[in-house]
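J.: These protein sequences, in sequence, are chains A and B. Take 1 as the starting number for the first sequence in our numbering and just add one per residue. Take 1 as the starting number for the second sequence in our numbering and just add one per residue.
Protein chains: 2
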Amino acid sequence: MNSNLTILVAPWIIPVVPRNTVLENHAVVIENGRILDICNADTAFKKYPNATMEKRPNHVVLPGFVNAHTHAAMCLFRGLADDLPLMQWLEDHIWPAEGKWVDKDFVADGTELAIAEMLSSGTTCFSDMYLYPDIVAKAAQKFGIRAAVGLIVTDFPSAWATGPDDYLDKGLAVHDETRSLSRVTTTLAPHAPYTVSDAPLDQVRTYADELNIPIHMHIHETSAEIEQGLSSTGDRPIERLRKLGLLNPKLIAVHMTQLLDEEIETVASHGVSVVHCPSSNAKLASGLCRVSELIAQGCNVALGTDSAASNNNLDMITEMRMAAFGAKQLEADAAALPAWQVLEMATINGAKALNQADEFGSLEAGKSADIIAIDLDHVATQPVYDPISQLVYSVSRDQVSDAWVNGNHVLKKKALKNIDLDSLIKKTKDWANKISTNHSDH
Amino acid sequence: MNSNLTILVAPWIIPVVPRNTVLENHAVVIENGRILDICNADTAFKKYPNATMEKRPNHVVLPGFVNAHTHAAMCLFRGLADDLPLMQWLEDHIWPAEGKWVDKDFVADGTELAIAEMLSSGTTCFSDMYLYPDIVAKAAQKFGIRAAVGLIVTDFPSAWATGPDDYLDKGLAVHDETRSLSRVTTTLAPHAPYTVSDAPLDQVRTYADELNIPIHMHIHETSAEIEQGLSSTGDRPIERLRKLGLLNPKLIAVHMTQLLDEEIETVASHGVSVVHCPSSNAKLASGLCRVSELIAQGCNVALGTDSAASNNNLDMITEMRMAAFGAKQLEADAAALPAWQVLEMATINGAKALNQADEFGSLEAGKSADIIAIDLDHVATQPVYDPISQLVYSVSRDQVSDAWVNGNHVLKKKALKNIDLDSLIKKTKDWANKISTNHSDH
C-alpha cells in the first residue's frame, strides 16, 4: 500500500510558502512524485509507518531552486574570455566562438554539463534560451531536471534557423514535441529588443496568447541598448514593447538594469515578471537592477545566473548572496532584500514567472516534489542560529547533498543518478581542447 | 639526505610573482619548510630523485590566501543577527552579545572554528583584531596557521582591558610572548578613529616605530564615521590621522569606503596599505571602496573578509569574486580589476601590508612554503581555459584540497591535520545553544 511513500526528515524545513518560515523537526511526505503532507516528524512516523525513510540529520530541506535565466550550453565557454569590455567580449570572442562551434553536439554536451552543475548545486528547474531548444528539451528530460525551454527568435540567421519565420516554425515544432515530455515546458524567447524587429515580436505575442506560454526576453540590459533603441525607434525599449502589446503577465523581462522611476511603475502595473541576474550584470558592468523598488511596487522578481560565460557558474546560492548584497548596497540599507525574500526570488518567484507556481517553487501539499537538502554540518556554516540566513550568506554549493525532481531522487548524497561524471568531464575537456586551440589562433 | 624534500606537482602553478603567470606541468620543491625551487616537473624528478612526491593531477597550486582583516572569534556569532540596519545590528545585537559572552573560552573556541574554516578554504595567514589576542596567538600556533595578531586598543573598557593604558600594557606583553611563536607576528590595532582618542593613538604610533610593526585600524568605514569625526574634531578621520603622523607605510587602513579624490592621493602618496572587505561593506551597506583608483595611484590594496558576523564566512575565494565584480560595477567597466589583480590582492598584497612580503604571499624560491592546492575537476569549474579566471569566478571553497603552512601539510586531501572537526562542531553547537537561548530573551 505505502510502498511508494517516502518520508524526508530534517531538523529544518523551509517551505518558502508560508513566507519566512522554518519548521523544526518536521517531515515532508512524498507520494507518486508529489508532496502528500508536511507535518511534525513524529506524526509522520505514526501516520505513515511503512514509508521509506530519508533522514538528513544535519540538513535544511527546501524547494529546489528555479534558475530563471540560463544559456545552459554555454558552460563549454566558461572562462574562455573574461575581464574584457562587453562589446570586445561579445564581438571578438563569444560570437565568433558560437559561430564556429555551436551545433547539436555542442548543445547536447554543454547542456549536460550545465544540468550536472545545476542539479549538484540544488537547481531543479531552469528557464533556458539558446539555439537548438529541441536538444535542450531532450537533455532535461533525459537527465531528470525540470526545464522551461526558450524557443529562440532573432532577426539573424544561425546554425539553428535562417531568420524570424524559420525560428518561429522550428520553435513551434519544438513546442509540439515537448508536449510529450513530463518535465519540459516552453517559452517564446525573442532574444532582445535590439535583435528582434516589430513583425516577429508581433507574431511572438500572438503565439504566446494562443499557446498560453510565457515570453522570455533580455530587456534593458545595458545603457547601449537604450541608446540604440532610442535612435532606431524613437522609444526606449520598454515603451516600444508596451506599444507592441508585450507588457503583460506573460512577459519575463531579464536583466532590466536600466529603469526609470516611471518604468518601474509601468512594469509592475502590467504584471511583468523581472529576472535579476546580479553576477552577470556585475561581471559585464551592465548596470544595477532596482530590485527592492520593483518588489515594493508589487513586481514579481525572480533570479537567474545567466550563462557560465558571464558569471562564471550556475550557482543559485551564490546568486542569492549577490542579490541580497547588491540590493543592500544600492539602497544604502543593510535591511534591504533580507535573506527570506531573496530565497523567494530563487524559488517561488521563478515558478510564478513561468506561470507554474501551482506546480513547484515551494513545499506545499499537492505540489510536485521538487526538493533539495543542504548539509549545514560544515565549519563554514556553524553554528546555526537562523537556517535561512545561513543558506543565503554562508552555504556553498558543495553542501547541497540531495535533490528530488518530481519525486525522483536525482542527486543522492552528492551522487548524480543519471549522469556519468567521468565521461561528462572527459567530453568537456575534449571540447575545450578543440575550442582553445582554435581560440588562441583567433 | 633528501628525506625532508617534497615535490608538489600540478598541471597549473600560479606563483603570483611574476604577475599574471601560469606555469604548466611544473613542480614546487619544498625543503625544511621553505620553497627550494620551482621548475619543470620532469626537471624536478631528475634533480631531486629521493624527494617525497605529492601529485595533484587536476589541481591548481598557488600561494595560500592572506586574509588581511578578521575578527576570527566572532565566527561563534555567525548569522546571529542579519538583515538589520547597521546601528541596530551593533547596538542591539553584536555589542550586547559580546558584552555577555566574550571571554577566554569564547575566543579560544571561536578562533579554532575560524582557523578550521580558513585552512579548509585556503587561507594560510590571517590578520586579526579582537579581544584576548594572547589566546588568538596561541590558537594560531597550535593549529598551524600563520597569524598577525592585532593588539587591540580602544578608549572603552572590555573583558580584556580597562582602558587605553591597560590595552597597551597587555598588548605589549602579548607582543613579547609571541616572539617565541614561529608563525605569529603582531600589529598594533587601535579599533577605529571614533573609538580611540589622540593620546593613545600617539602612543600607538610611537610603539609601532619602536617595535617596527604595522598598525591595523578600521578607517572611513561608513559615512556616519566621517560625520562624527568632522563634528568632534573638525577633521575627516584621514586628515586627523595625518596630523597625528599615522599616515605612513606601517598603516593598514581597513574598509576605506568613504574616500574623496584627494584622500586617494594622500593615502597612496603616504604608502598606506588599504584592506578592502567587499562582502562586509555590502552586507552592512557601508559604502564602496574605490579599489581600482587606489591601485592606479600606486596604493597597496589587500583583501579581507571581516568577521563571520558581517559576511557571513571567511572565504577568500568568494571575497575575490566580490572584489572583482564590485570594481567592474563601480567603474562601469568589465575590464576593471581583472582576476590576476584580485588574486594579488588576496595573496602578496596582504603580505606586503603586513611587511612580510619577503616571507610569504607568492611562490618564490627562498620564501616560506605557504601553499594551497585546489581541485578543478568539478562540473562547475570545467572546462579550464584560464586557471586564474576559473579560480576567481568559478571555484568554490570546498574545492580546496591541500594547504601547507611553512611546509607543514596542515590540510591534506581535505582533512585537517591539527583539528578534530567532530569535537569542534560539538563545542560550536554548545555555544550556540547558550547564546541563542539568551539572545531570544533579549
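Ideal placement from N, C-alpha and C gives every residue a C-beta, glycine not left out. The structure presented is a predicted model; accordingly, all values stated were derived computationally and were not measured.
Would you kindly check if the distance between the Cβ of A:Val174 and the Cβ of A:Val149 is under 8 Å?
T.: yes
J.: Which residues in chain B sit within 8 Å of A:Phe325, going by Cβ to Cβ distance?
T.: The answer, in chain order, is Ser279, Ala282, Lys283, Met322.
J.: Out of B:Leu5, B:Gly79, B:Thr21, B:Val61, which one is the CA nearest neighbour of B:Pro49?
T.: B:Leu5
J.: In its own chain, which residues sit with a C-beta less than 7 Å from the C-beta of B:Ser368, not counting the 5 before and 5 after it?
T.: Within the same chain, Cβ atoms closer than 7 Å to the Cβ of B:Ser368 are found at Gly33, Arg34, Glu359, Phe360, Asn406, the five residues on either side in sequence being excluded.
J.: Name the two residues that bound the continuous alpha helix (DSSP H) containing B:Pro96.
T.: 95-101
J.: Pick helix, strand or coil for B:Glu221, following the three-state DSSP scheme.
T.: In the three-state scheme derived from DSSP, where H, G and I count as helix and E and B as strand, B:Glu221 is classed as coil.
J.: Quick one: is B:Thr428 near chain A, going by C-beta distance under 8 Å?
T.: yes
J.: Taking B:Ile213 as part of the beta strand (DSSP E), name the residues at either end of that continuous run.
T.: No beta strand (DSSP E) contains B:Ile213, which DSSP labels as neither H nor E.
J.: Could you give the C-beta distance for B:Ala68 and B:Ser158, rounded to a whole number, given that I count them as a contact under 8 Å?
T.: Approximately 23 Å separates the beta-carbon atoms of B:Ala68 and B:Ser158; this is outside 8 Å, ruling out the contact.
J.: Which residue marks the beginning of the alpha helix (DSSP H) containing A:Asp166, and which one marks its end?
T.: Here the alpha helix (DSSP H) through A:Asp166 covers 164-178.
J.: Are B:Asp285 and A:Ala332 close, meaning C-beta to C-beta below 8 Å?
T.: According to the sequence provided, residue 285 of chain B is Ala. The question's Asp does not apply to it. Against a cut-off of 8 Å, the Cβ pair of A:Ala332 and B:Ala285 comes out as a contact.
J.: With DSSP run on the structure shown, which of helix, strand or coil describes A:Ile7?
T.: strand
J.: Can you give, in chain order, each stretch of the alpha helix (DSSP H) that sits fully within the stretch 323-372 of chain A and has at least 4 residues?
T.: 339-345, 348-353
J.: Helix, strand or coil for B:Asn2? Go by DSSP, reduced to three states.
T.: Low confidence applies to B:Asn2: its pLDDT is 44, below 50, so where it sits in the model is not reliable, and the reading given next is rough at best. B:Asn2: coil per DSSP, three-state reduction.
J.: The ligand SAH and A:Gln228: does the residue's C-beta get closer than 7 Å to at least one heavy atom of that ligand?
T.: The ligand SAH is absent from the structure shown, which contains no ligand whatsoever.
J.: Would you identify the three-state DSSP class for A:Phe156, choosing helix, strand or coil?
T.: coil
J.: Which residues of chain B have a Cβ atom closer than 8 Å to the Cβ of A:Ile135, listed in chain order?
T.: Correct list: empty, because the minimum Cβ distance to chain B is about 19 Å.
J.: Closer than 9 Å by beta-carbon distance: list the chain D residues that pair up with A:Lys328, in chain order.
T.: Of the chains in the structure shown, none is chain D; the protein chains are A and B.
J.: Using the Cα positions of B:Pro11 and B:Asn40, report the straight-line distance between them to the nearest angstrom.
T.: Each residue's Cα considered, the two are about 11 Å apart.
J.: Under 8 Å by Cβ, that's how I've got B:Pro190 and B:Leu172 pegged, so tell me the actual separation to the nearest angstrom.
T.: Not really, about 14 Å apart at Cβ, beyond 8 Å.
J.: Please list the partners that A:Ser121 has in chain B, where partner means a Cβ-to-Cβ separation under 8 Å.
T.: Ala380
J.: Quick one: what's got a C-beta closer than 7 Å to B:Met129's C-beta in the same chain, skipping five residues either side?
T.: His71, Gly150, Ile152, Ala189, His216
J.: Using a C-beta to C-beta distance shorter than 8 Å, which residues of chain A count as neighbours of B:Leu86?
T.: Ala334
J.: Mind checking A:Gln88: buried by the 16 CB within 10 Å criterion, or exposed?
T.: exposed
J.: Quick check: A:Trp101 and A:Leu131, are their CB atoms within less than 8 Å of each other?
T.: no
J.: To the nearest angstrom, report how far apart B:Asn355 and B:Asp377 are at their CA atoms.
T.: One C-alpha to the other measures close to 36 Å.
J.: Are the CB atoms of B:Ala432 and A:Val384 nearer to each other than 8 Å?
T.: yes
J.: Considering only C-alpha positions, which residue in the set B:Asn248, B:Glu117, B:Val275, B:Ala73 is nearest to B:Ala403?
T.: B:Glu117
J.: Assign B:Val16 to one of two classes, buried (16 or more other C-beta atoms within 10 Å of its C-beta) or exposed (fewer than that).
T.: buried
J.: Using 8 Å as the threshold, is the C-beta distance between B:Ala353 and B:Ser436 below it?
T.: No, they are not a contact pair.
J.: Cα separation between A:Glu54 and A:Val29?
T.: Approximately 10 Å, taken between the alpha carbons.
J.: In angstroms, rounded to a whole number, what distance separates the CA positions of B:Ile145 and A:Pro387?
T.: 29 Å
J.: 8 Å is my cut-off, CB to CB: does B:Asn20 come that close to chain A?
T.: no
J.: For B:Arg146, write down the residues that DSSP places opposite it in a beta bridge.
T.: B:Cys125
J.: Between the Cα of B:His445 and those of B:Phe156, B:Gly245, B:Ile238, B:Leu211, spot the shortest distance and give me the residue it belongs to.
T.: Outside the displayed range of chain B (1 to 442) lies residue 445 of chain B, so it cannot be described from this structure.
J.: What residues are listed by DSSP as bridge partners for A:Arg56?
T.: In the DSSP output, where bridge partners are listed per residue, A:Arg56 has none listed.
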